[in-house]
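Residues 31 to 140 in our numbering are what the sequence shown lists, from first letter to last.
For glycine and all other residues, C-beta sits at the position ideal for the given N, C-alpha and C.
Let me begin by presenting the structure, written as structure tokens, before commenting on it.
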Amino acid sequence: SHQVIYYRRFTMIDTYDFYSNMKVWTSPNNVLGTDYNLYSTLEDAIANTNPWNTCNYDDIIWGVGAFRDCGPSGGVGCQITGDKTAAGWNSYSCPGTVYGMHDTKFSIYV
């Protein structure tokens, strides 16, 4: 549903491994509202307004990446990026995706 998602980091900005965590979305040092927030617009991310309120993590076996079932006002399925694991991606059937994974571009705004 969301074509663009903005991730704003608050903790460990200089040491956090963004790339690895985007590939496999885990919760250690990556908790919504504490370590980061997600936004629907760049303007909201810059102003730290209207952050999303729902996110889940830690589907490590299947290599589910950012932003799993995160959403602005509740869970929204198939917001998935990922990394192919030994188990593959064959468990996902999200419309408009290849095995549930989206073509993804990550940009950094400083």
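Check residue 49 in the structure and name its three-state DSSP category.
It is helical.
Below 7 Å CB to CB, which residues in the same chain sit around residue 88 once its five sequence neighbours on both sides are set aside?
Around residue 88: 56, 57.
Identity of the residues DSSP links to residue 67 by a beta bridge:
38
Between the CA atoms of residue 91 and residue 139 - distance to the nearest angstrom
Going by the C-alpha atoms only, they are around 31 Å apart.
Can you round the beta-carbon distance between residue 52 and residue 105 to whole angstroms, since I take them to be within the 8 Å contact cut?
Not really, about 19 Å apart at Cβ, beyond 8 Å.
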